[in-house]
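Protein chains in written order, with our numbering: chain H, 6 to 355; chain X, 134 to 286. Backbone N, C-alpha and C define an ideal beta-carbon position, used for all residues, glycine too. Only a predicted model underlies this, so the values are computations on that prediction, with no experimental measurement involved.
Spelled out as structure tokens, the structure:
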């Protein structure tokens with residue numbers, strides 16, 4: 006082989022190597038850019054969702070439709086109450102937002118319902134999220150007065166956009182069959198303990214969960230699947246604090262989310278009760294001296310502040326059931342005191 | 134052979150130049166985005182402060198918008214001094230200072246309701262919102278301004 010022929014072969018090998026290097030370079034740049042723009046998109050979407058949630062949460066008593074980003078939004082709370090929502094790989098903390106949402110909202114627009122939690126003064130707005138791919142079966146007991154009353158209250162309050170079906174008897178849940186919904190949530194409003202294992206076996210591979218709101222609306226039990234392919238459920242009892250928390254329990258993905266968000270809400274209640282107690286002290290000092298008919302009793306507010314802190318610091322809401330019960334009792338006393346002050350044309354307690 | 138190497142050198146030279154130019158543009162776009170995010174955070178902090186139930190004016194349990202109760206402001210100003218309480222509001226306001234000051238009729242009513250200043254910061258954004266200040270004892274209203282100062286990198 007002549008020198009010229011060898012040189013030509015090396016020339017081609019050199020071109021091939023150089024071409025491969027150039028191709029590899031562009032390939033790596035494209036890959037990097039793709040990863041970067043995906044990351045950037047999820048950060049932008051998370052920022053926008055945060056702003057949307059902040060706006061929605063302030064519009065109390067309204068239901069609005071929120072555009073769900075294509076990757077969907079996943080909501081979760083860890084055992085140490087780190088609550089986040091994820092868009093793609095980007096996790097954003099709930100922070101001050103009191104959100105109750107299913108584990109995943111995808112494919113269709115989200116329904117956001119903002120409601121006020123009062124005990125008896127305004128504490129916070131809850132933002133309840135769902136979407137039409139999640140079906141809610143509201144099961145009550147026809148003929149049971151307490152159950153019917155609770156059902157009527159819940160039915161009036163729930164947004165009309167909710168994908169819900171009412172069932173008038175606990176036994177009728179055995180007749181249910183999967184309807185192709187992404188998730189199925191069974192909401193029991195009654196005095197009888199439900200048995201989710203009596204569901205049709207076709208539900209074994211479905212995403213099914215349940216919550217039993219006791220007819221007195223004081224306690225709740227969450228039912229969560231132990232195995233995604235079996236009809237076996239774990240039970241997690243918890244405590245409610247007013248009708249607003251009933252809706253929180255219905256919309257929460259699991260007991261963990263309900264407990265964590267409620268503990269954060271009780272923490273807020275503690276601070277607000279302290280503020281109200283200080284305000285009442287000031288009113289007592291300035292108003293009561295000049296107008297003895299304007300009597301400000303601080304004890305209930307101080308009790309609420311103290312008990313709320315206790316609930317916020319509890320391991321589980323059930324451990325603080327007694328404290329929640331005291332808060333519930335103080336609520337009526339505070340309402341009565343405020344009504345009396347209004348009747349006497351005195352500055353209101355809250 | 135030398136021609137090919139020459140072409141490659143020029144090619145890589147142009148490539149490096151183009152890449153540097155592209156990344157410079159990207160960096161500038163990123164800076165703009167960071168400023169936009171900081172402004173958004175500042176507005177959100179102001180919005181959150183406006184709706185704090187801790188401060189609202191309520192009349193027979195009905196809230197008046199854009200109104201703060203003077204007594205609640207004073208009480209919250211003292212409650213939020215506690216490090217534990219301040220910590221619980223960090224999620225809401227982040228690195229910011231929230232001040233409410235009266236503008237009319239008097240000017241001596243100033244309450245700092247939240248403050249958390251980072252050791253180092255690059256940008257300071259101020260959002261001012263007019264508010265009503267209600268005195269539940271005299272049932273009088275005053276005009277005030279809520280100033281939310283946020284600190285960004």
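- Interface flag for residue 101/H against chain X is set, since a Cβ pair is found closer than 7 angstroms.
- Closest option to residue 13/H, judged by alpha-carbon separation, among 135/X, 253/X and 139/X: 135/X.
- Flagged as an interface residue toward chain X: residue 287/H, by a C-beta distance shorter than 7 angstroms.
- Here residue 251/H is actually not in contact with residue 88/H; their C-beta atoms are around 20 angstroms apart, not less than 8 angstroms.
- Shown here for residue 218/X: same chain residues with a beta carbon closer than 7 angstroms to its own, the five before and five after excluded, namely 212 in chain order.
- For residue 352/H, the closest Cβ of chain X is nearer than 7 angstroms.
- Boundaries of the alpha helix (DSSP H) around residue 160/H: 150 to 162.
- Of all residues in the region 34 to 64 of chain H, those with a C-beta nearer than 7 angstroms to a C-beta of chain X are 52, 56, 59 and 63, reading in chain order.
- Distance from the CA of residue 162/H to the CA of residue 351/H, rounded to the nearest whole angstrom, comes to 33 angstroms.
- Here residue 189/X is bridged, per DSSP, to 201/X.
- Look at residue 245/X here: in three-state DSSP terms it is strand.
- Per the C-alpha coordinates, the member of 230/H, 185/H and 202/H positioned closest to residue 178/H is 202/H.
- One Cα belongs to residue 172/X, the other to residue 133/H, and the distance between them is close to 27 angstroms.
- Closest option to residue 236/H, judged by alpha-carbon separation, among 219/H, 204/H, 218/H and 245/H: 204/H.
- Using a Cβ distance threshold of 7 angstroms, residue 62/H and residue 136/H do not count as a contacting pair.
- Relative to the Cα of residue 196/X, the nearest Cα in the group 208/X, 183/X and 207/X belongs to 183/X.
- For residue 179/X, same chain residues with a beta-carbon under 6 angstroms away, outside a window of 5 residues either side, are 260, 262 and 281 in chain order.
- Going by C-alpha positions, residue 152/H is about 16 angstroms away from residue 226/H.
- The beta carbons of residue 243/H and residue 231/H sit no closer together than 7 angstroms.
- Counting every other CB atom within 10 Å of its CB across the protein chains shown gives residue 41/H a total below 16, marking it as exposed.
- The Cβ of residue 269/X sits closer than 7 angstroms to at least one Cβ of chain H.
- Of all alpha-carbon atoms in 278/X, 181/X and 140/X, the one lying nearest the alpha-carbon of residue 101/H is that of 181/X.
- Within the region 285 to 346 of chain H, not a single complete beta strand (DSSP E) segment reaches 3 residues in length.
- About 5 angstroms separates the CB atoms of residue 298/H and residue 349/H; that is less than 8 angstroms, so the two are in contact.
- When the five nearest sequence neighbours on each side are left out, the beta carbons in the same chain lying within less than 6 angstroms of the beta carbon of residue 82/H are those of 88, 261, 262 and 265, in order along the chain.
- Assigned with DSSP and collapsed to three states, residue 278/X falls in strand.
- Residue pairing by DSSP places residue 190/H opposite 141/H and 214/H in a beta bridge.
- Not one beta carbon of chain H lies nearer than 7 angstroms to the beta carbon of residue 256/X.
- Within chain H, no residue has its beta carbon less than 9 angstroms from that of residue 240/X; the closest one is some 21 angstroms off.
- In the three-state scheme derived from DSSP, where H, G and I count as helix and E and B as strand, residue 272/X is classed as coil.
- The residue among 340/H, 330/H, 275/H and 341/H with its C-alpha nearest the C-alpha of residue 222/X is 275/H.
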